[in-house]
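A quick write-up on the structure given underneath.
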Amino acid sequence: MSVPGLRGTGLLGHVCAAVIVLALIVGAVGAWIAPHDPDFVDLDLAYVGPFADHLIGFDGRGRDLLSRLLAGARTSLLGPVAVVAVAVTVGTLLAVAAAWFGGMFDTIVSAALDVLFAFPGILIAIVVAAVFGPSLRSAVLALAVAYTPYIARVLRGSALRERAQLYIAALEVQGLAAVAICVRHLIPNILGLIVAQGAVLFGYAMVDLAAISFLGLGVQTPQADWGVMVSEGRNGVLQGYPLESLAAGLCIVVVVVAVNLLGERLTDRAQRGAR
Amino acid sequence: MTPLLSIDDLTVQLSVEGDLRTVLHGVSLEISAGEAVGLVGESGSGKSMTARAVSRILPSGAVTFGSISFDGRDVSALRGGALRQYRGEVAMIFQDPRAHTNPVRTIGDFMTEALRTNRGVPGVEARRRAAALLEEVGITEGDRRLRQHPHELSSGMLQRVMIATALLTEPRLLLADEPTTALDVTTQAEVMAILDDLRRERGLALLFITHDLELAGAVCDRTAVMYAGQIVEVQAAGTLHDRPRHPYTAALVAARPRIDAMATRLAAIPGRPLSAFEAPAGCAFATRCLHVQDRCREARPALRPLGDGVVRCIRAEELVGV
Amino acid sequence: MLRFLLRRLAMLVATLLVSSFVIYGSLYLAPGNPIAALTGGRTPSPEAIAILEARYNLDEPFLVRYGLWLKGAVTGDLGVSIPLRQEVSDLITQRAGVTAALVLYASLIILVVGIGLGLLAGLRAGAVDTTVVVVTTISAAFPAFVAAIVLLLVFAVNLGWFPATGEGDGFVDTIRHMTLPAVALGFTSMALVARVTRSSVREELGREHVQTARSRGIPFRLIVRRHVLRNAAIPITTIAGLTIASLIAVAAVVERAFAMNGLGAYLVTAASNKDFAVVQGIALVLVAAFVIMNTVVDLLYALLDPRVKVGSRAQ
Numbered sequence: 001m002s003v004p005g006l007r008g009t010g011l012l013g014h015v016c017a018a019v020i021v022l023a024l025i026v027g028a029v030g031a032w033i034a035p036h037d038p039d040f041v042d043l044d045l046a047y048v049g050p051f052a053d054h055l056i057g058f059d060g061r062g063r064d065l066l067s068r069l070l071a072g073a074r075t076s077l078l079g080p081v082a083v084v085a086v087a088v089t090v091g092t093l094l095a096v097a098a099a100w101f102g103g104m105f106d107t108i109v110s111a112a113l114d115v116l117f118a119f120p121g122i123l124i125a126i127v128v129a130a131v132f133g134p135s136l137r138s139a140v141l142a143l144a145v146a147y148t149p150y151i152a153r154v155l156r157g158s159a160l161r162e163r164a165q166l167y168i169a170a171l172e173v174q175g176l177a178a179v180a181i182c183v184r185h186l187i188p189n190i191l192g193l194i195v196a197q198g199a200v201l202f203g204y205a206m207v208d209l210a211a212i213s214f215l216g217l218g219v220q221t222p223q224a225d226w227g228v229m230v231s232e233g234r235n236g237v238l239q240g241y242p243l244e245s246l247a248a249g250l251c252i253v254v255v256v257v258a259v260n261l262l263g264e265r266l267t268d269r270a271q272r273g274a275r
Numbered sequence: 276m277t278p279l280l281s282i283d284d285l286t287v288q289l290s291v292e293g294d295l296r297t298v299l300h301g302v303s304l305e306i307s308a309g310e311a312v313g314l315v316g317e318s319g320s321g322k323s324m325t326a327r328a329v330s331r332i333l334p335s336g337a338v339t340f341g342s343i344s345f346d347g348r349d350v351s352a353l354r355g356g357a358l359r360q361y362r363g364e365v366a367m368i369f370q371d372p373r374a375h376t377n378p379v380r381t382i383g384d385f386m387t388e389a390l391r392t393n394r395g396v397p398g399v400e401a402r403r404r405a406a407a408l409l410e411e412v413g414i415t416e417g418d419r420r421l422r423q424h425p426h427e428l429s430s431g432m433l434q435r436v437m438i439a440t441a442l443l444t445e446p447r448l449l450l451a452d453e454p455t456t457a458l459d460v461t462t463q464a465e466v467m468a469i470l471d472d473l474r475r476e477r478g479l480a481l482l483f484i485t486h487d488l489e490l491a492g493a494v495c496d497r498t499a500v501m502y503a504g505q506i507v508e509v510q511a512a513g514t515l516h517d518r519p520r521h522p523y524t525a526a527l528v529a530a531r532p533r534i535d536a537m538a539t540r541l542a543a544i545p546g547r548p549l550s551a552f553e554a555p556a557g558c559a560f561a562t563r564c565l566h567v568q569d570r571c572r573e574a575r576p577a578l579r580p581l582g583d584g585v586v587r588c589i590r591a592e593e594l595v596g597v
Numbered sequence: 598m599l600r601f602l603l604r605r606l607a608m609l610v611a612t613l614l615v616s617s618f619v620i621y622g623s624l625y626l627a628p629g630n631p632i633a634a635l636t637g638g639r640t641p642s643p644e645a646i647a648i649l650e651a652r653y654n655l656d657e658p659f660l661v662r663y664g665l666w667l668k669g670a671v672t673g674d675l676g677v678s679i680p681l682r683q684e685v686s687d688l689i690t691q692r693a694g695v696t697a698a699l700v701l702y703a704s705l706i707i708l709v710v711g712i713g714l715g716l717l718a719g720l721r722a723g724a725v726d727t728t729v730v731v732v733t734t735i736s737a738a739f740p741a742f743v744a745a746i747v748l749l750l751v752f753a754v755n756l757g758w759f760p761a762t763g764e765g766d767g768f769v770d771t772i773r774h775m776t777l778p779a780v781a782l783g784f785t786s787m788a789l790v791a792r793v794t795r796s797s798v799r800e801e802l803g804r805e806h807v808q809t810a811r812s813r814g815i816p817f818r819l820i821v822r823r824h825v826l827r828n829a830a831i832p833i834t835t836i837a838g839l840t841i842a843s844l845i846a847v848a849a850v851v852e853r854a855f856a857m858n859g860l861g862a863y864l865v866t867a868a869s870n871k872d873f874a875v876v877q878g879i880a881l882v883l884v885a886a887f888v889i890m891n892t893v894v895d896l897l898y899a900l901l902d903p904r905v906k907v908g909s910r911a912q
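Protein chains in written order, with this note's numbering: chain Z, 1 to 275; chain S, 276 to 597; chain P, 598 to 912.
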């Protein structure tokens, strides 16, 4: 049995894809399937361990941890999805436009991307947080800006190779509009690489976004988020109650491992396909 | 007189994705001191693998049967210092000089590495010898060349560096694996002439691997023809071309475009060349032979003496002149 | 080589100029006027406004202001933090040492452990290789802040081998304080370097020129050193340089986790307090460090690979 989009990624690829899909579903509906109110504070229950239907106990403010993990999946997973969606869309457009028009336009786009490379994603996020105030939206925007040059640079190379193919020239001679050729032929032909790059970036985005929330510049407390939970749990760790930080950290690591492994396999496949 | 190199019933199996595949099947060949032997065949026939087995650089996981002995020593038993000593006495020249030189090391490093490492020759002396040998292969300004990197030299020049490097350890046997195939046509003849001259001057034995029957005839004393991991025929290089005794050799000769005869069509050999592991139980060439009979498919023919050579075909006598 | 060097330096200066402009300009995107931004939203007295306007040249056009700021920055004057009433350059120099030491220590760990593991896996197929691949796959997915929390829990809280917070005094104490943060910081990059080392060692081992060396009787140990490692050093340097450069930003997270008084942690505090002069100053310093690191990697690359003389890093 093989899912069409995963052909050639092996059993491990399918397992990873299943983990990711499951995580995304939890991200979408987690808040509703949470057994308790994730924001309900009862200081008397602070750091109380697993009990009855509180499967992994309570955090430092006596909130149900499992419910917070489930609710926190939303920002932790849909945030990176937004980053990747924006970066991949803008990056693909820039790459294809640069490859198509070439010349001056290409030079300017490439130079602008080179400058963006001088800014590490987390640094952009910190500056954006200083300007617009800390919020998930600022963080997503900052990371999308930081990742666009990575996508654009990789795709520009493949788009240029594709642009030089004879079938593109043949379509141009037939009088097809440039946009139609790009949308119907050029982009579909580099789609494998686009998807692979998106998967790889998703892993990075998830780690960086959680790190920004950990720094207090992304998702704001008391909202549940895995990065925020690792940060809030730090005091518990020092007092010998590590469950909150560890549980949230484990969620992040598991999803990132799955994303990285799948991304690697998709990249291999895209490169094999290009040969 | 004992031969310098003697390969006896050599069988090599490589492990490919967990399976063992036979690439050489019962190869026997002898080379005397100072003698040049050509090894001719299509790609995949096992020519290069034979040379690699002699120089002990088979891929890891390879299984070898039979024996190779050099100057009375059992090559497969050599270890450590004795193996290094042997590798100085048997030098190899590879097909693609660019791939076979380390791109980030200078020509000088490349040429003198074996001398410095295994013979303890001081760097200055090693470079002096290297420059002198460069002169002999027709490369001037040796000192400057020694400081250059491979990418600064043309392929032809790099192959001459390879030849000079091979001669630097004063070997007694050269293994040349298609040394001119990767070069421009214009430099092929030049490089071949240099190799041939230097070999004769020094009286070195040569195992010359090529797919070109005529070239082998021009530089070698004897020629061996390989097909599907087996030697199918050996005879004097001068006569092989005019008097092939194995149908495969005959087909090879016929497949060559000739300038003197106005052929309208080239006689291509029907079918594709087989590797040793796909060869049928009987004669390995049976699937493509024009003269095949039922008895050819029954048992694998042995390599048997005929005239001044050997041949692996049961119909060799009847087919002479056909 | 000289031309390559000059061109690379020109690119460095151009990138620094543009990035300084972006950093300076971006803070003017903030809603509200610069005075409000500079005073962190409090309502200053008219005198204060006049003084601030003069100090920050707010009556000048934007480009002139940028020019004056840049001129100051080049001479080490990054302005004054209004909330703290301290020179920004003083605030930075007090903390730069911690961040630099942390990044340096982490780089050392990355290079020694990463290359060591990669070599081991590259040269030894089988169980050793599989173990290294599994370990690095997992550690590559451990974000610095999660690694920090786990290390904190195991080695500081449970085992008590290392202190949980602070930077330490004197060499030995500093090393003791910095070990856990440095490991946390280098966790992901170490895995990356190990994997690149492994695959390039594998690739180089299979190259034809290694076969040549074998056929000439060069001992395996020397083949590994002179040919495999020397050639693999090119991709290893590239990936190590790039990931070490990226640590400069990630250090903020680790400094936070271990409550260290470094540049990154301070940048985060300044950003939360909207202390714009400090944000500008530290961002400029970090970006400069990042860009300079990348340039150094490019130069190293050209030094290691004689085929690259004209520039343009191979992708």
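Built from N, CA and C at the ideal position, the CB exists for glycine as well.
Cβ pair residue i, residue j closer than 8 Å
{"i": "D452/S", "j": "A326/S", "result": "yes"}
{"i": "A406/S", "j": "G398/S", "result": "no"}
{"i": "A439/S", "j": "L449/S", "result": "no"}
{"i": "L649/P", "j": "P641/P", "result": "yes"}
{"i": "M787/P", "j": "A698/P", "result": "no"}
{"i": "A829/P", "j": "T794/P", "result": "yes"}
Beta-ladder partner(s) of residue i, from DSSP
{"i": "S678/P", "result": "Q683/P"}
{"i": "H54/Z", "result": "F51/Z"}
{"i": "E508/S", "result": "V500/S, V586/S"}
{"i": "L450/S", "result": "M367/S, L482/S"}
{"i": "D64/Z", "result": "F58/Z"}
{"i": "R296/S", "result": "L289/S"}
Residue i, buried or exposed, once every other Cβ within 10 Å from all chains shown has been counted against 16
{"i": "W226/Z", "result": "buried"}
{"i": "N377/S", "result": "buried"}
{"i": "Y167/Z", "result": "exposed"}
{"i": "M386/S", "result": "buried"}
{"i": "Q912/P", "result": "Residue confidence is low: Q912/P scores 33 on pLDDT, short of 50, so the model does not pin down where it sits. Its coordinate-derived value is still stated next. Q912/P is exposed by the Cβ-count criterion."}
{"i": "V798/P", "result": "buried"}
{"i": "V154/Z", "result": "buried"}
{"i": "P50/Z", "result": "exposed"}
{"i": "Q197/Z", "result": "buried"}
Three-state secondary structure assigned by DSSP to residue i
{"i": "Q423/S", "result": "coil"}
{"i": "I332/S", "result": "coil"}
{"i": "V302/S", "result": "strand"}
{"i": "T444/S", "result": "coil"}
{"i": "T339/S", "result": "strand"}
{"i": "V907/P", "result": "Its pLDDT being 47, under 50, V907/P is placed unreliably in this model, and the value from its coordinates should be taken loosely. Coil."}
{"i": "L578/S", "result": "coil"}
{"i": "M608/P", "result": "helix"}
{"i": "M367/S", "result": "strand"}
{"i": "T92/Z", "result": "helix"}
{"i": "S344/S", "result": "strand"}
{"i": "L166/Z", "result": "helix"}
{"i": "A111/Z", "result": "helix"}
Limits of the alpha helix (DSSP H) - the one that residue i falls within
{"i": "D283/S", "result": "Careful: D283/S lies outside any alpha helix (DSSP H), inside the beta strand (DSSP E) at 280 to 291."}
{"i": "S786/P", "result": "767 to 802"}
{"i": "S320/S", "result": "From DSSP, S320/S is part of no alpha helix (DSSP H); its letter is neither H nor E."}
{"i": "F739/P", "result": "No alpha helix (DSSP H) holds F739/P; DSSP gives it neither H nor E."}
{"i": "L756/P", "result": "Neither: L756/P is in no alpha helix (DSSP H) and is coded neither H nor E."}
{"i": "F202/Z", "result": "191 to 214"}
{"i": "G233/Z", "result": "226 to 239"}
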